[in-house]
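Trainee: Here it is: the structure, laid out below.
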Amino acid sequence: MSEAGGSDGAKAAGAYRVLARKYRPSSFVELIGQEPMVRTLTNAFSTGRIAQAWMLTGVRGVGKTTTARILARALNYRTDTVDAPSVDLSVAGEHCQAIMEGRHVDVIEMDAASHTGIDDIREIIEQVRYAPVAARYKVYIIDEVHMLSTQAFNGLLKTLEEPPPHVKFIFATTEIRKVPITILSRCQRFDLRRVEAGTLIAHLRRIAGQERIEAEDAALAMVARAAEGSVRDSLSILDQAIAHGAGAVSAEAVRAMLGLADRARIIDLFERLMAGDVAAALAEYRAQYDVGADPVAVLTDLAEFNHFVTRVKFVPSAAEDPAVSEDERARGAALAEKLSVRVLSRTWQMLLKGIAEVQSSNRPLNAGEMVLIRLAHAADLPTLDEALRQLDAMEAGGSGTAARAGVAPSSGGNGGAAAVARTPMPAMAQGGQTMRLVRADPAPRPEEQPAETGAIETAPPAEPEPRAEARPEQGVRSLEDIVALAEQHRDGLLKAQVKRCVRLVRIEPGRLDVSMTDEAPRTLANDLATRLQKWTGRRWIVSLSREEGAPTLAEQETSRRETAFSDARNDPTVAAILSRFPGARIIDVRIPNAPEVDASGTDDAPAEPAPEEDDDE
Numbered sequence: 205m206s207e208a209g210g211s212d213g214a215k216a217a218g219a220y221r222v223l224a225r226k227y228r229p230s231s232f233v234e235l236i237g238q239e240p241m242v243r244t245l246t247n248a249f250s251t252g253r254i255a256q257a258w259m260l261t262g263v264r265g266v267g268k269t270t271t272a273r274i275l276a277r278a279l280n281y282r283t284d285t286v287d288a289p290s291v292d293l294s295v296a297g298e299h300c301q302a303i304m305e306g307r308h309v310d311v312i313e314m315d316a317a318s319h320t321g322i323d324d325i326r327e328i329i330e331q332v333r334y335a336p337v338a339a340r341y342k343v344y345i346i347d348e349v350h351m352l353s354t355q356a357f358n359g360l361l362k363t364l365e366e367p368p369p370h371v372k373f374i375f376a377t378t379e380i381r382k383v384p385i386t387i388l389s390r391c392q393r394f395d396l397r398r399v400e401a402g403t404l405i406a407h408l409r410r411i412a413g414q415e416r417i418e419a420e421d422a423a424l425a426m427v428a429r430a431a432e433g434s435v436r437d438s439l440s441i442l443d444q445a446i447a448h449g450a451g452a453v454s455a456e457a458v459r460a461m462l463g464l465a466d467r468a469r470i471i472d473l474f475e476r477l478m479a480g481d482v483a484a485a486l487a488e489y490r491a492q493y494d495v496g497a498d499p500v501a502v503l504t505d506l507a508e509f510n511h512f513v514t515r516v517k518f519v520p521s522a523a524e525d526p527a528v529s530e531d532e533r534a535r536g537a538a539l540a541e542k543l544s545v546r547v548l549s550r551t552w553q554m555l556l557k558g559i560a561e562v563q564s565s566n567r568p569l570n571a572g573e574m575v576l577i578r579l580a581h582a583a584d585l586p587t588l589d590e591a592l593r594q595l596d597a598m599e600a601g602g603s604g605t606a607a608r609a610g611v612a613p614s615s616g617g618n619g620g621a622a623a624v625a626r627t628p629m630p631a632m633a634q635g636g637q638t639m640r641l642v643r644a645d646p647a648p649r650p651e652e653q654p655a656e657t658g659a660i661e662t663a664p665p666a667e668p669e670p671r672a673e674a675r676p677e678q679g680v681r682s683l684e685d686i687v688a689l690a691e692q693h694r695d696g697l698l699k700a701q702v703k704r705c706v707r708l709v710r711i712e713p714g715r716l717d718v719s720m721t722d723e724a725p726r727t728l729a730n731d732l733a734t735r736l737q738k739w740t741g742r743r744w745i746v747s748l749s750r751e752e753g754a755p756t757l758a759e760q761e762t763s764r765r766e767t768a769f770s771d772a773r774n775d776p777t778v779a780a781i782l783s784r785f786p787g788a789r790i791i792d793v794r795i796p797n798a799p800e801v802d803a804s805g806t807d808d809a810p811a812e813p814a815p816e817e818d819d820d821e
């Protein structure tokens, strides 16, 4: 069926034919984007190696059913001069028009979505033994074959494996994984690819010219991008755009019709998000929404542009995509040089999560704004590995004054800076004074740090205290120092195990003798030696002693707490209060100006009870 003939027939009938039907390919030459399959079939037909069954798979609209009809036409091709299967269909044969219109008696098309049972397949099995009425082959085209039931598939196996010589099967499906492997093994499989954007744009431009329609290149690029490689979808969108634009296809009309945002404005929004300008980003987002852009479409376009920038960063040739405008290409390349891969990856993940949130929200506009706020806020933050590197540099003493202030230097990767908070180490109350360790900087200045490295100084309890960190220069002299090291290096598991399971026997530089509780892990001694060597820079020997050792830190904390409760109960004032209020009980004991003791007895530095200062709650 030629295009001109089809068009004349439509005009004679007085009915409009949609572009997807009017320009449906009728030969392998007109089939676009499937060159590998066409080459294979051409070679097979020329050598006489024609299969008994074919399986065509691909996404919707790439030409599976059309290819099946063209293949049936090639199998039954016959003219005045040619009477053999052929892929050269330049001249219409006897059966060509009837086959392409789906009305040939020997080419049976069946939709498996509505004929799924064994009875439908049994009918085919009974008919295959009869020779074709007029054509060379009886061809069965089964569309959406994955919809057949298990019994139907099983009933088809034998006939498909040994069909009569005059029968050919052509299957089409969008869900190839749902087709049993026993069926696939009996078919020659062709995976129809999505049509590339450049090929699709050229095809749309050619059709627009034949229809005498003025179409902007930017509009055709939008149509091709929205079709996602489907020829049928692209023609349907183009048909709709022609009607929407009253015979002309403009980028503005297509954008309004599809609810898309202006591509240049999407890039503007992306740049403001990456700069961390929340106010400007929200203003741009509202402006796009006011002109008809859908919030989900805006976030989807942002994710698509983020992906484009990431691709350009690794594959510069990706910027040559014909579906991408010149402005998008130039600005995308500039952003690819400026932004780090970690920032782009984080933005991609946040956008994917945000799109799902907006889709499921009953307030998509507000949900979209919250997603953009998160993106802009995260743009100024360093990534996790950047923050860890900054922290390591501070601990190594490479950040000078910044380390003393507890602030990390700028990451440099995205213009962000991180402030690393230092939690103060709980003070130890001894003899009415608060003792604390002072961390020494690697290169102290006399005017900045008068204290000696590793010195212990006293300070009034009310003073704010910096974090006390066990340094290799200070030495490890107690289990408390080991716990402090574990806290400094964020090893919470070892910290808890040391407090609950280790009883100290003796400790010397490079040697630690301990005994373990029954709940201690078997590898605790080895883990402790490894960590100490890593943290202090010297080799440690941790040996298990037969001596009982001192109580664990957790047991000491529990004992101090019980003592505090006992002293409180024996206090005359507290006893008078308890007797005055029947049912009252002591639930906590706190010492003024001393760190609080957690109710679980697992605080880092428990307070030493002072009976004369006991109080109750």
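If you want the numbering used here, it's the 1-based position in the sequence shown plus 204. Just so it is clear, CB atoms sit at the ideal spot from N, CA and C, and this is done for glycine as well. Just so it is clear, the structure is predicted and the values come from calculations on it, not from any experiment.
Which residues does DSSP pair with E313 in a beta bridge?
Mentor: E313 is bridged to I345.
Trainee: Figure out for me which residue from R710, E712, P713, E684 has the closest Cα to the Cα of K699.
Mentor: It is E684 whose Cα lies nearest to the Cα of K699.
Trainee: DSSP on A625, reduced to helix/strand/coil?
Mentor: Confidence is the limiting factor: at A625 the pLDDT is only 37, short of 50, which leaves the residue's position unreliable, though a coordinate-based value still follows. If DSSP states are grouped into helix, strand and coil, A625 belongs with coil.
Trainee: Measuring alpha carbon to alpha carbon, tell me which residue in V263, A255, L245, E327 is nearest V291.
Mentor: V291 has its Cα closest to that of L245, out of V263, A255, L245, E327.
Trainee: Within the region 384-428, note down every full alpha helix (DSSP H) run reaching 4 residues or more, in order along the chain.
Mentor: Entirely contained in the region 384-428, the alpha helix (DSSP H) runs reaching 4 residues are, in chain order, 385-388, 401-414.
Trainee: Between V680 and chain B, is any beta-carbon pair separated by less than 8 Å?
Mentor: Absent from the structure is chain B; it holds one protein chain and no more.
Trainee: Do V453 and S438 come within 8 Å of each other at the CB atom, strictly closer than that value?
Mentor: No, Cβ-Cβ distance for S438 and V453 is not below 8 Å.
Trainee: Could you give the C-beta distance for A523 and A537, rounded to a whole number, given that I count them as a contact under 8 Å?
Mentor: Right, the Cβ-Cβ distance comes to about 6 Å (below 8 Å), so this counts as a contact.
Trainee: Taking Cβ to Cβ, would you say Y344 is nearer than 8 Å to I328?
Mentor: Yes. Within cutoff.
Trainee: Go ahead and label K703 buried or exposed: buried means 16 or more other beta carbons lie within 10 angstroms of its beta carbon, across all protein chains shown.
Mentor: Its Cβ being crowded by 16 or more others within 10 Å, K703 is buried.
Trainee: Whole angstroms is fine: what's the gap from R398's alpha carbon to R228's?
Mentor: Rounded to whole angstroms, R398 to R228 spans 16 Å at the Cα level.
Trainee: Can you tell me where the alpha helix (DSSP H) with I686 in it begins and where it stops?
Mentor: Segment 683-692, the alpha helix (DSSP H) holding I686.
Trainee: Taking the beta strand (DSSP E) that R546 falls in, what are its first and last residues?
Mentor: Per DSSP, R546 belongs to no beta strand (DSSP E); it is in the alpha helix (DSSP H), 545-564.
Trainee: Ends of the alpha helix (DSSP H) at M720?
Mentor: From DSSP, M720 is part of no alpha helix (DSSP H) but of the beta strand (DSSP E) over 715-720.
Trainee: According to DSSP, is T283 part of a helix, a strand, or is it coil?
Mentor: Coil.
Trainee: The alpha helix (DSSP H) with T377 in it runs from where to where?
Mentor: Counting along the chain, T377 falls outside any alpha helix (DSSP H), though it belongs to the beta strand (DSSP E) covering 371-377.
Trainee: What residue range does the alpha helix (DSSP H) around R467 cover?
Mentor: Element bounds for R467: 467-478.
Trainee: Cα-Cα, which of H448, G306, R467 is closest to M461?
Mentor: Among H448, G306, R467, the Cα nearest to that of M461 is on H448.
Trainee: When the distance is taken between beta carbons, is C391 closer than 8 Å to M259?
Mentor: Result yes, Cβ atoms of M259 and C391 sit closer than 8 Å.
Trainee: If you count every other CB in all the chains shown that lies within 10 Å of the CB of L408, and 16 or more means buried, which is it?
Mentor: By the neighbour-count rule (16 or more Cβ atoms within 10 Å), L408 is buried.
Trainee: Opposite E508 in the DSSP bridges: which residues?
Mentor: Answer by DSSP bridge pairing: none, since E508 is not bridged.
Trainee: Let me know if K362 comes out buried or exposed under the rule of 16 or more other beta-carbons within 10 Å of its beta-carbon.
Mentor: Exposed is the call here.
Trainee: Round the Cβ separation of A316 and D287 to the nearest angstrom and send it over; I've been treating them as touching at under 8 Å.
Mentor: Not confirmed; about 33 Å, so no contact.
Trainee: Would you identify the three-state DSSP class for E330, choosing helix, strand or coil?
Mentor: Helix at E330.
Trainee: How many Å lie between V611 and A425 at the Cα?
Mentor: Note that V611 scores 40 on pLDDT, short of 50, meaning its location in the model is unreliable and no value can be drawn from it.
Trainee: Using three-state DSSP, classify T777 as helix, strand or coil.
Mentor: T777 falls in the helix class under three-state DSSP.
Trainee: Starting from T246, trace the alpha helix (DSSP H) both ways and give me its first and last residue.
Mentor: Start and end: 239-251.
Trainee: At the level of alpha carbons, what is the spacing between E691 and Q737?
Mentor: Distance between the alpha carbons of E691 and Q737 is about 16 Å.
Trainee: Going by DSSP, name the residue or residues bridged to W744.
Mentor: According to DSSP, which records beta bridges pairwise, W744 is partnered with nothing at all.
Trainee: In angstroms, rounded to a whole number, what distance separates the CA positions of G402 and R429?
Mentor: About 10 Å.
Trainee: Under 8 Å, do S719 and S763 count as touching if we go by C-beta distance?
Mentor: Cβ distance not < 8 Å, so S719 and S763 don't count as in contact.
Trainee: Roughly how many angstroms separate the alpha carbons of M639 and A688, rounded to a whole number?
Mentor: Caution applies to M639, whose pLDDT of 35 falls short of 50 and renders its modelled position unreliable; the model cannot decide the point.
Trainee: Leaving aside the five residues before and after P725 along the sequence, list all residues of the same chain whose C-beta is less than 6 Å from its C-beta, in chain order.
Mentor: None.
Trainee: Measure the Cβ-Cβ separation of I380 and T261 and say whether it is below 8 Å.
Mentor: Closer than 8 Å, so yes.
Trainee: Do you know offhand how far P586's Cα is from Q594's?
Mentor: Roughly 10 Å separates the two Cα atoms.
Trainee: Are A338 and V295 close, meaning C-beta to C-beta below 8 Å?
Mentor: Not a contact, by the Cβ cut-off of 8 Å.
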